[in-house]
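Written out below as structure tokens is the structure these notes cover.
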Amino acid sequence: QGTNNKIVNRIHFQFSEMVSCGFFWKEDEKQKEFRNLLFKLMEELLKVEKVVDDFIKIEEDSIKKINSQEGIKYQKNGFSYDDPTIQLKEKFENFLIKAVVSIRKFTKVSAFILNKDFDSHKKLYNFLKNNLKPTTSFYKWFENSSVFVKEIYDLRGLAEHEELKIDKFDVVIEENKIKINVPKITDTEFTLREYMEGGLKFLFDYFEQDRKSVV
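For the sequence shown, the numbering used here assigns the number 221 to the initial residue and increments by one for each residue that follows.
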């Protein structure tokens, strides 16, 4: 990955360059330690990005195949097709795991900047909440963002306990027309792809904006 990837460029490279100039710490050891934390954060977010890309490829390839001439095999009492539900569900659960790991890496970055001992995102949340002015627009943004962070943790918890409910990839034929229902989180309007794409964008924005605030 090069600097044309915004995760590499804006999560690690630009901020690392500022640190190297002695903008925050003059001590070489502190600069090195912080750059290492930034690198680990960037690395985890790139892993999240890769899972999202892999998910999209599996889903799009499945749709393309089903819509091809050989995608559906008709039988006497119905039809069959290659169902990617298990693969897609595994990718989504992997996304949740890696998203949580990236949040933990971000917490370590914030703890280093603030010179505090945050061993969880909840402690970082409580610290910022108590030290930001409630009347500022950033405070409101931070409050709303933290709700989504908690949601990611909650979904990851459900996945770990095998309680996460996901509607399967489904194909319906109506009036000789193929209709494909892509998987979504049960009882919501969010498809897995929409949630993952939105989640990746959220994590990037959250890490970048929150990091600026703690500095």
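Even for Gly, the Cβ is constructed at its ideal location relative to N, Cα and C.
**Prompt:** What is the residue span of the alpha helix (DSSP H) that K370 lies within?
**Reply:** Segment S357 to E380, the alpha helix (DSSP H) holding K370.
**Prompt:** When the distance is taken between beta carbons, is S340 closer than 8 Å to V268?
**Reply:** no
**Asked** With burial defined as no fewer than 16 other Cβ atoms inside 10 Å of the residue's Cβ, what is the status of V367: buried or exposed?
**Response** exposed
**Asked** E417 to K388, Cα distance in whole Å?
**Response** 19 Å
**Request:** Taking F235 as part of the alpha helix (DSSP H), name the residues at either end of that continuous run.
**Result:** From DSSP, the alpha helix (DSSP H) with F235 extends over Q234 to S240.
**Request:** Would you identify the three-state DSSP class for D337, choosing helix, strand or coil?
**Result:** D337: coil per DSSP, three-state reduction.
**Message:** Please report the straight-line C-alpha distance between D390 and I278, rounded to a whole angstrom.
**Reply:** 14 Å
**Asked** Taking one C-beta from the segment 225-233 and one from the segment 258-267 each time, how about it: are there three or more such pairs within less than 8 Å?
**Response** At 8 Å Cβ cutoff, the stretches touch.
**Contact set for R422: own chain, Cβ-Cβ below 7 Å, skip 5 residues either direction** = The sequence shown places Phe at residue 422, rather than the Arg named in the question. F368.
**Prompt:** Is it true that the segment 282-292 meets the segment 335-351, where meeting means three or more beta-carbon pairs spaced less than 8 Å apart?
**Reply:** Because the criterion of three Cβ pairs below 8 Å is not met, the segment 282-292 and the segment 335-351 do not touch.
**Request:** Note down the Cα distance separating L384 from Q289, rounded to an integer number of angstroms.
**Result:** Going by the C-alpha atoms only, they are around 34 Å apart.
**Item:** Presumed contact (8 Å Cβ cut-off) between L257 and F332, rounded CB distance
**Value:** 6 Å
**Asked** Given L348, which residues of its chain have a CB within under 7 Å of its CB, disregarding the five upstream and five downstream residues?
**Response** The beta carbon of L348 lies closer than 7 Å to those of F362 in the same chain, with the five residues before and after it left out.
**Cβ distance (whole Å) where L412 is taken to contact L308 below 8 Å** = 6 Å
**Request:** Name the residue from Y415, S240 and E253 whose alpha carbon lies nearest to the alpha carbon of K328.
**Result:** Nearest in C-alpha terms to K328, of all of Y415, S240 and E253, is E253.
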